[in-house]
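Here the structure comes first, spelled out in structure tokens, and everything after it is commentary.
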Amino acid sequence: MVRFRPSLMRLPRYAPARTLPGGVVPAGSESPHGLLPKVAETLPRPAGDVSRCPDMSATALLQAIAEHHGVAPERIVVGAGSSEVCGQLLHSVVGPGDEVVFGWRSFEAYPILTEIAGGTAVRVALREHVLDLDAMAEAITDRTRLIFVCNPNNPTSTAVGERALRDFTDRVPEEVLIVVDEAYREYADPALVPDALELLGDRPNVVVLRTLSKAYGLAGLRVGYCVAPPEIAAHVCKAQVPFSVSALAQQTAVIALGEHAEVARRAALTVAERERVTLRLRGLGLDVPDSQTNFVWLPLGAGSGHFAMHCLDGRVVVRPLLGEGVRVTIGLPEENEVLLTLVASWTG
Ligand code: PMP
Numbered sequence: 001m002v003r004f005r006p007s008l009m010r011l012p013r014y015a016p017a018r019t020l021p022g023g024v025v026p027a028g029s030e031s032p033h034g035l036l037p038k039v040a041e042t043l044p045r046p047a048g049d050v051s052r053c054p055d056m057s058a059t060a061l062l063q064a065i066a067e068h069h070g071v072a073p074e075r076i077v078v079g080a081g082s083s084e085v086c087g088q089l090l091h092s093v094v095g096p097g098d099e100v101v102f103g104w105r106s107f108e109a110y111p112i113l114t115e116i117a118g119g120t121a122v123r124v125a126l127r128e129h130v131l132d133l134d135a136m137a138e139a140i141t142d143r144t145r146l147i148f149v150c151n152p153n154n155p156t157s158t159a160v161g162e163r164a165l166r167d168f169t170d171r172v173p174e175e176v177l178i179v180v181d182e183a184y185r186e187y188a189d190p191a192l193v194p195d196a197l198e199l200l201g202d203r204p205n206v207v208v209l210r211t212l213s214k215a216y217g218l219a220g221l222r223v224g225y226c227v228a229p230p231e232i233a234a235h236v237c238k239a240q241v242p243f244s245v246s247a248l249a250q251q252t253a254v255i256a257l258g259e260h261a262e263v264a265r266r267a268a269l270t271v272a273e274r275e276r277v278t279l280r281l282r283g284l285g286l287d288v289p290d291s292q293t294n295f296v297w298l299p300l301g302a303g304s305g306h307f308a309m310h311c312l313d314g315r316v317v318v319r320p321l322l323g324e325g326v327r328v329t330i331g332l333p334e335e336n337e338v339l340l341t342l343v344a345s346w347t348g
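According to full-length UniProt numbering, the residues represented by the sequence shown are 1 to 348, in order.
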């Protein structure tokens, strides 16, 4: 029998949110609005010959992302979703025995991808559902190579502010790569949550991670990217699986990025719904942290599994993290009403 790495044998498999055909609210924290109209028109007809390999250097996509952020294309690395870019970053800097620090709970893939890269995951407890950046800075050792700062944080929906993020970055040695994961950026209030690229874009060890899987409505197509200092990008792109971003994904992502005004309009609808749902949930007696994402976090502790089953009985799929809480993705208004009715009838 093939001898697998012991660390791989101990790893849990990434467990995606469940799906329920015909279910009411999606659980995968995607956009409830579906494809952008312009994308829907274009998607089934890829330009060019897909019997050929895609552009490995993703020239047009890099250019579109660079324009979107007002940076040079040399600073962009793309991947098949930002999950793949996380892997590329880890494989670039982490070796056996090296440590990767992140708040916990946070994005489920961080510890899995860390272990796959041969590193050791260092989980730092959240404080009041928010990343504890002081404790994360204190967790740094001479083996730390990379730190994930998920802002806003999945699954707790909370964000850290500008001052806290800047002070934290000042405390991290320059040899350590800081990855600010902004998967949910489009849903965050810019007055409260810093744009890491604006705030820290000139730091030599800061990389900002973005995805088209959330507000851009392309979760199934797999496009994510990071904006990094050019010398970091030049190395990280070597860790990409060759041709991982398909031709169709590249072409569609370029169209979607051009639709940022429509994306902002849709995100604003979701944010308004999120605020309405949060108030209603609080009115029903639930302790709901302020969300900066397209989901809310219900810290139900031991009741999480039971609550998720109750929702499933009502055909609403939520994401329970057993013993901790439940992530509820904001859907369309009528979908959210179904959820609120289920919460009202839940007896705990
Ligand atoms: N970062 C965070 C914080 C996420 O929640 C997710 C998706 N759940 C990702 C990254 C990865 O998204 P994708 O690979 O689809 O770009």
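Just so you know, even glycine gets a beta-carbon here, dropped at the ideal spot from N, CA and C.
If you check the C-beta of Cys237 against the ligand PMP, you find no heavy atom less than 7 angstroms away.
For secondary structure counted as the beta strand (DSSP E) over 3 or more consecutive residues, the segment 290-324 holds these complete runs in sequence order: 295-298, 319-321.
Look at the beta carbons and you see the segment 94-110 not touching the segment 259-276: under three pairs across the two are nearer than 8 angstroms. For Val172, the secondary structure class from DSSP, reduced to helix, strand or coil, is coil. In the three-state reduction of the DSSP assignment, Leu177 falls in the strand class, which pools E and B.
Residue list for the ligand PMP: Ser29, Gly81, Ser82, Ser83, Phe107, Cys150, Asn154, Asp181, Ala183, Thr211, Ser213, Ala219, Gly224 (CB closer than 6 angstroms to any heavy atom, chain order). With contacts defined by Cβ atoms closer than 8 angstroms, Asn154 and Thr293 form a contacting pair. Pairing Val122 with Ser291, the inter-Cα distance amounts to about 25 angstroms.
Contact between Val78 and Leu62 is confirmed by a C-beta separation of about 7 angstroms, below the 8 angstroms threshold. DSSP places Thr156 in the coil class of the three-state scheme, outside both helix and strand.
Secondary structure at Arg210: strand, using DSSP grouped into helix, strand and coil.
Taking all protein chains in view, the Cβ of Ala302 is surrounded by fewer than 16 other Cβ atoms within 10 Å, so the residue is classified as exposed. In the structure shown, Gly220 falls within a coil segment according to DSSP collapsed to helix, strand and coil. Relative to the Cα of Leu286, the nearest Cα in the group Asp313, Thr347, Val254 belongs to Thr347. In the DSSP secondary-structure assignment, Tyr225 is bridged to Val78, Arg210. Within the same chain, no residue comes within 6 angstroms of Asp55 by CB-CB distance, once the 5 residues on both sides are set aside.
For Ile147, the enclosing beta strand (DSSP E) starts and ends at 144-150. Assignment of Thr347 by DSSP, reduced to helix, strand and coil, places it in the coil class. In terms of Cα proximity to Gly81, the closest of Thr141, His33, Cys226, Val124 is Cys226. In the DSSP assignment, Glu99 falls within the unbroken beta strand (DSSP E) covering 99-104. Leu322 is a Cβ neighbour of Ser304, given a cutoff of 8 angstroms. The residues Gly103, Trp104, Asp132, Ala135, in chain order, have a CB closer than 8 angstroms to that of Ala125 in the same chain once the five nearest residues on each side in sequence are set aside.
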